[in-house]
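In what follows, a structure is listed as structure tokens, so that the remarks can point back to it.
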Amino acid sequence: MSSRTIRISEPLLEEDDITLVLEALRSGWLSGGPYVEKFEEEFAKYIGVKHAITVANGTMALIAALYAAGVRPGDEVIVPCFTFAATAAAVVALGAKPVFADIELETYNISVEDVEEKLTRRARAIIAVHLFGHMADMKRLKRLAEEENIVLIEDAAQAHGSSLEGVKAGAWGDAAAFSFYATKNMTMGEGGAVTTSNDEIAWRVRMLRNHGQESKYNHVTFGLNMRITSLQAALGLAQLRKLERMNEARRRNARMLSEGLRDTGLILPVEKPGYRHVYHQYVVRVDPERVDITRDELARRLRERGVETAVHYPRALPDQPFYRALGYPPAEKICPNAAIAAQQVLSLPVHPKLTHEDIRYVIRAVREALGMEG
Ligand SMILES: Cc1ncc(COP(=O)(O)O)c(C=O)c1O
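Numbering of the sequence shown is given in my numbering, commencing with residue 1 and proceeding in unit increments.
Structure, rendered in structure tokens:
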């Protein structure tokens, strides 16, 4: 057993984060107020949209975006088979029906061809997840959504600062959902935001977030409480101001990993031309035709050497007990690529707190675990 542990994810919290949170606390603003407004203004500007509306977390951001864009009970919403559970749960929460589309194995993102296959007259929306920090093919998805007259929502929970042809994730769809959970590219501990340039969607999200109140005790729409605190907003502001630095550190770590693991037989992540990958996760694929040991054995050997790994995600969503109980067929049948990914993916540490030496250690550990010289 190794005495050191390299963690799979760690938030980068520095003096500026602490200073701004303390400043917010000392200001007496605990709920809404200037920190929330400032964060929303700066985040909208950074993403390149008219509106950013903070909400309690990424799951609420998805629910709010779908609801505000008009998804209602009985509607079908196309979602990728291979994503975090919240993407599809948000659809279920609205009484709508997730329709699972397969992924491309190259980027792990939704396959546009399979979306076309799975579209029916009842389809109201598509959720494009930018998984692991690489954007989905938004140019084709946007064209398709326009042709079919359906809503396009981005799940950008893992893609703060990711872009395609210079346009950021969060600025492509009718609306987008971000998460600021502790492990994300930037964090508030817990938190979320909807971004959109559509004034009507923005208004509906604002109403939904705050009891449907247009003014105090004047409830003009359905609404709940999805607000964040000033302390979360202050942390978000400090994190946003160093997001580029943190993303560059992730990209540098990913470049080093890819260079050091080039000849191992592992299938490495790609950054397609025109895209900017922000490596929320650095995900390799352990294909039994190319590597002698299994994904789980590789993970075990890395753990022995003090390198934490994770499997994002061990099951395609249709294979989760919840969806099986609802009668969805197995992933193998409806999204075979997602079923393969679930068996073969392994996330290696790439977060911005890692030093060059840490990354060199990870590379050495992977090579040893695969039976190669260090
Ligand atoms: C792809 C994706 N969608 C949605 C979410 C939900 O975000 P949250 O945990 O903030 O509710 C997450 C993160 O957890 C995610 O990774």
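We put the CB at the ideal spot given by N, CA and C, even for glycine.
*Under the criterion of a Cβ to heavy atom distance below 7 Å, does residue 129 qualify as lining ligand 2?*
Inclusion of ligand 2 in the displayed structure is not the case, the ligand content consisting of ligand 1 alone.
*Regarding residue 62 and ligand 1, is the C-beta to nearest heavy atom distance less than 7 Å?*
To locate residue 62, count along the sequence shown from 1; it is residue 62. Under cutoff, so the answer is yes.
*asked:* Checking the sheet assignment: what are the DSSP bridge partners for residue 192?
replied: Looking up residue 192 in the sequence shown gives position 192. Paired residues: 55 and 179.
*Can you check whether the CB of residue 244 is closer than 8 Å to the CB of residue 191?*
Position 191 of the sequence shown holds residue 191. Position 244 of the sequence shown holds residue 244. It is not a contact, given that the beta carbons lie outside the stated cut-off.
*Can residue 270 and residue 59 be called in contact, C-beta distance under 8 Å?*
The residue labelled residue 270 in the question sits at position 270 within the sequence shown. The residue labelled residue 59 in the question sits at position 59 within the sequence shown. Cβ distance not < 8 Å, so residue 270 and residue 59 don't count as in contact.
*Separation of residue 292 from residue 318, as counted between CA atoms*: Walking along the sequence shown from the start, residue 318 turns up at place 318. Walking along the sequence shown from the start, residue 292 turns up at place 292. Taking the straight line joining both Cα atoms gives about 29 Å.
*asked:* According to DSSP, residue 364 sits in a beta bridge with which residue or residues?
replied: The residue you call residue 364 lines up with position 364 of the sequence shown. DSSP, once it has assigned bridges, lists no residue as partnering residue 364.
*Taking all protein chains shown into account, decide if residue 96 is buried (16 or more other Cβ within 10 angstroms of its Cβ) or exposed.*
Counted from its first residue, the sequence shown places residue 96 at position 96. Answer is buried; the Cβ neighbour count reaches 16.
_As a quick exercise: from 100, 30 and 238, pick the residue whose alpha carbon is nearest that of residue 324._
Counting from 1 along the sequence shown, the entry for residue 324 is found at position 324. It is 100 whose Cα lies nearest to the Cα of residue 324.
*asked:* Does residue 232 come out as helix, strand or coil in the three-state DSSP assignment?
replied: Counted from its first residue, the sequence shown places residue 232 at position 232. If DSSP states are grouped into helix, strand and coil, residue 232 belongs with the helices.
*Given that a residue counts as buried once 16 or more other Cβ atoms are within 10 Å of its Cβ, and exposed if not, what is residue 154?*
Sequence index remark: in the sequence shown, residue 154 carries index 154 (1-based). If you draw a 10 Å sphere on the C-beta of residue 154, you find 16 or more other C-beta atoms in it, and that means buried.
*If you follow the alpha helix (DSSP H) that residue 321 is part of, which residue opens it and which one closes it?*
Locating residue 321 in the sequence shown gives position 321, where the first residue counts as 1. Its alpha helix (DSSP H) spans residues 321-325.
*Cα separation between residue 88 and residue 335?*
The count along the sequence shown starts at 1 and reaches residue 88 at position 88. The count along the sequence shown starts at 1 and reaches residue 335 at position 335. Their backbone Cα atoms lie some 15 Å apart in a straight line.
*Could you give the residue range of the beta strand (DSSP E) that holds residue 46?*
Indexing the sequence shown from 1 puts residue 46 at position 46. Counting along the chain, residue 46 falls outside any beta strand (DSSP E), though it belongs to the alpha helix (DSSP H) covering 34-47.
*residue 76: buried (16+ other C-beta within 10 angstroms of its C-beta) or exposed?*
Mapped onto the sequence shown, residue 76 falls at position 76. That one is buried.
*Are the CB atoms of residue 326 and residue 286 nearer to each other than 8 Å?*
Position 326 of the sequence shown, counted from the start, is the residue given in the question as residue 326. Position 286 of the sequence shown, counted from the start, is the residue given in the question as residue 286. At least 8 Å separates the beta-carbon of residue 326 from that of residue 286.
*residue 333 to residue 322 span [Cα, whole Å]*: On the sequence shown, position 333 is the one that residue 333 refers to. On the sequence shown, position 322 is the one that residue 322 refers to. Distance between the alpha carbons of residue 333 and residue 322 is about 17 Å.
*Span separating the alpha-carbon of residue 31 from that of residue 37*: Here residue 31 corresponds to residue number 31 of the sequence shown, with the count starting at 1. Here residue 37 corresponds to residue number 37 of the sequence shown, with the count starting at 1. Near 11 Å, if we compare the C-alpha coordinates of residue 37 and residue 31.
_Can you look up residue 334 in the DSSP assignment and give me helix, strand or coil?_
Position 334 of the sequence shown, counted from the start, is the residue given in the question as residue 334. Reduced to three states, the DSSP call for residue 334 is helix.
*Report the three-state DSSP secondary structure of residue 115 (helix, strand or coil).*
Walking along the sequence shown from the start, residue 115 turns up at place 115. DSSP places residue 115 in helix when its eight states are reduced to three.
*Does ligand 1 have a heavy atom nearer than 7 Å to the CB of residue 225?*
Stepping through the sequence shown from its first residue, residue 225 is reached at position 225. No, since every heavy atom of ligand 1 falls outside the 7 Å radius drawn around the Cβ of residue 225.
*Determine the DSSP secondary structure at residue 9, reduced to helix, strand or coil.*
As a working mapping, residue 9 is identified with position 9 in the sequence shown. Residue 9 falls in the coil class under three-state DSSP.
_Rounding to the nearest angstrom, what Cα-Cα distance links residue 72 and residue 118 in this structure?_
Numbered from its first residue, the sequence shown carries residue 72 at position 72. Numbered from its first residue, the sequence shown carries residue 118 at position 118. The straight-line gap from Cα to Cα measures roughly 19 Å.
*Assuming residue 278 and residue 250 make a contact with CB atoms under 8 Å, what is their CB distance in whole Å?*
Here residue 278 corresponds to residue number 278 of the sequence shown, with the count starting at 1. Here residue 250 corresponds to residue number 250 of the sequence shown, with the count starting at 1. At roughly 6 Å, the Cβ-Cβ gap stays under 8 Å, so residue 278 and residue 250 are in contact.
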